[in-house]
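Quick note, the sequence shown lines up with residues 2 to 116 if you use this note's numbering.
Every residue, glycine too, gets a C-beta built ideally from N, C-alpha and C.
Quick caveat: nothing in here was measured; it's all calculated off a predicted structure.
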Amino acid sequence: MKTLLSAAACVVVLVSAPAFASKDLATAKGCLGCHSQGSNTVIGPGYQAVAKKYAGQKDAEGKVAAYIRAGSPAGTGTAGGPKTMWGGPMPMPANPGVSEAEAKTLAAWILGGAK
Ligand code: HEC
Numbered sequence: 002m003k004t005l006l007s008a009a010a011c012v013v014v015l016v017s018a019p020a021f022a023s024k025d026l027a028t029a030k031g032c033l034g035c036h037s038q039g040s041n042t043v044i045g046p047g048y049q050a051v052a053k054k055y056a057g058q059k060d061a062e063g064k065v066a067a068y069i070r071a072g073s074p075a076g077t078g079t080a081g082g083p084k085t086m087w088g089g090p091m092p093m094p095a096n097p098g099v100s101e102a103e104a105k106t107l108a109a110w111i112l113g114g115a116k
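Structure below.
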């Protein structure tokens with residue numbers, strides 16, 4: 002009975018993993034320190050706002066995945082430097098600790114509304 006129960010628990014974890022995995026990844030990579038899952042700006046834009054910006058765009062996932070690893074192409078936005086895309090106080094730093102596969106997972110999750 003015990004084995005049966007833990008087997009059932011495993012199935013539940015496996016089935017619900019995709020929904021949680023991306024958020025866990027975003028947490029582990031520190032994304033949620035600067036981004037909310039909603040549309041409100043923390044330091045960076047909320048992920049629902051990002052999803053809205055890219056809605057209907059071709060290859061949005063590829064663009065966003067590349068952006069996640071490289072960081073913002075904008076300058077510092079301070080003292081006459083180039084403005085940030087979202088008008089925030091700083092550009093997004095690069096994320097060298099995020100692999101290409103992880104960036105794709107995160108991009109797909111964000112563009113899907115970060116749920
Ligand atoms: C130190 C704070 C910080 C961290 C950490 C951070 N971001 Fe950002 N992010 C920003 C800021 C600021 C912007 C807006 C940049 C601008 O306006 O030019 C941004 C913008 C974005 C955008 C919007 C890109 C666009 O084309 O509009 C995405 C997507 C994004 N971040 C994803 C991520 C992911 C995924 C992670 C984790 C791997 C992450 N960010 C970590 C600050 C951060």
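* To do: Mark Pro74 as exposed unless 16 or more other C-beta atoms lie within 10 angstroms of its C-beta, in which case mark it buried.
  => With fewer than 16 Cβ atoms within 10 Å of its Cβ, Pro74 is classed as exposed.
* Asked: Mind checking whether the beta-carbon of Gly31 lies closer than 7 angstroms to any heavy atom of ligand 1?
  -> Between ligand 1 and the CB of Gly31, the shortest heavy atom gap is smaller than 7 angstroms.
* To do: Out of Ala52, Trp87 and Asp60, state which residue places its alpha-carbon closest to the alpha-carbon of Gly39.
  => It is Ala52 whose Cα lies nearest to the Cα of Gly39.
* Quick one: residues in its chain with C-beta nearer than 7 angstroms to the C-beta of Leu112, no 5 flanking neighbours on either side, listed in chain order? => Counting only Cβ-Cβ distances below 7 angstroms, and skipping sequence neighbours, we find Ala52, Tyr55, Ala61, Glu62 and Val65.
* Integer-rounded CB distance, given that Gly72 should sit under 8 angstroms from Ala95 -> Indeed, because the Cβ distance is near 4 angstroms, the residues count as touching under 8 angstroms.
* Asked: For Thr42, which beta-bridge partners are listed by DSSP?
  -> Looking at the DSSP assignment, Thr42 forms a beta bridge with His36.
* Can you tell me whether Ser23 is buried or exposed, with buried defined as 16 or more other CB within 10 angstroms of its CB? -> Buried.
* To do: Using beta-carbon positions only, say whether Gly45 and Gly89 come within less than 8 angstroms of one another.
  => Result yes, Cβ atoms of Gly45 and Gly89 sit closer than 8 angstroms.
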